[in-house]
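Written out below as structure tokens is the structure these notes cover.
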Amino acid sequence: MIIAIDGPAASGKGTIARALAAHLGLPHLDTGLLYRAVGAAALEAGVAFEDTAALAALAAGLDSARLDAEALKAGPVGEAASRVAAVPAVREKLLRLQKDFAGQRGGAVLDGRDIGTVIAPQAQLKIFVTATPEARAERRYQELARRGEAVTFEQVLADIEMRDARDSGRASAPLMRASDAVLLDNTGLDRDASIAAALALVADRTGRS
């Protein structure tokens with residue numbers, strides 16, 4: 001069984017995906033980490049975001065087994081990830097890795113922005129997780145504040161809105177809800193309630209509780 005979870009930044013899709021994977025005993029891939037890793041590598045190497053060939057080379061050399069999720073959550077890396085994700089050559093290099101993960105025996109849970117539309121359109125369950133920009137900005141602001149990063153809510157909201165526009169407007173695999181995806185708007189839900197709602201969708205669609 002393949003479960004595809006898509007949504008914009010700070011919607012909680014990763015938290016939901018990890019919980020579903022643990023509950024169902026399935027492997028999980030946060031595809032956003034792949035783009036964050038390329039973005040982080042570009043920042044570290046001083047590669048310009050306009051240098052598509054160099055960005056593609058970084059993507060081709062990515063070792064998905066050595067991703068440091070915690071280190072890749074830093075604020076500047078998120079912006080870099082959104083920029084490299086808009087580069088078709090980068091997406092092409094990472095496409096096969098993601099498709100292979102989705103196609104492994106027994107299934108998998110993947111979260112990102114184009115899982116249900118590009119990576120695994122054959123998924124048995126597709127969930128599009130979203131919330132208002134303000135709610136998502138508040139979540140991200142609290143996360144960054146706990147990490148000791150000096151940001152304001154207004155800065156985080158502006159970043160969220162800019163990333164939404166870039167992710168939805170890019171020519172290659174834009175962020176969009178698949179026609180057969182179930183909408184989960186968790187604006188007024190906390191973490192546990194969001195996970196419970198997703199588990200209910202799994203039970204309803206697949207019969208697995």
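Counted from 1, the sequence shown has number 15 at position 15 by the UniProt record's numbering; the numbering is strictly sequential.
Virtual Cβ for every residue (Gly too), placed ideally from N, Cα, C.
Scanning its chain for C-beta atoms nearer than 7 Å, with the 5 sequence neighbours on each side dropped, one finds around residue 116 the residues 4, 6, 123, 126, 178, 181, in chain order.
Counting other Cβ atoms within 10 Å of its Cβ, residue 99 stays below 16 and is therefore classed as exposed. When the Cα atoms are used, residue 87 and residue 55 turn out to be separated by approximately 8 Å.
Of the residues assessed, residue 114 falls on the buried side of the cut-off, its CB having 16 or more other CB atoms within 10 angstroms. If you ignore the 5 residues before and after residue 23, its C-beta comes within less than 7 Å of the C-beta of 199, all in its own chain and listed in chain order. Closest in C-alpha terms to residue 190, from the list 110, 10, 66, comes 10. Scanning its chain for C-beta atoms nearer than 7 Å, with the 5 sequence neighbours on each side dropped, one finds around residue 166 the residues 82, 86, in chain order. In this structure, residue 19 and residue 195 form a Cβ contact; the two beta carbons are roughly 4 Å apart against a cut-off of 8 Å. By DSSP's assignment, residue 28 forms a beta bridge with 109. Taking a contact to require three or more Cβ pairs closer than 8 Å, the region 91-109 and the region 28-36 qualify as touching. Between residue 156 and residue 144, the beta carbon gap of about 7 Å places them in contact (Cβ cut-off 8 Å).
Secondary structure note for residue 206: its alpha helix (DSSP H) is the uninterrupted segment 191-206.
DSSP, read as helix, strand or coil, puts residue 49 in coil. Membership of residue 102 in any beta strand (DSSP E) is not indicated; the residue belongs instead to the alpha helix (DSSP H) covering 88-102. Secondary structure of residue 65 (DSSP, three-state): helix. For the 8 Å CB-CB criterion, residue 159 and residue 133 do not form a contact. Counting along the chain, residue 6 sits inside the beta strand (DSSP E) bounded by residues 2-6.
Our two residues, residue 119 and residue 173, have alpha carbons roughly 10 Å apart in a direct line. Residue 182 is bridged by DSSP to 127.
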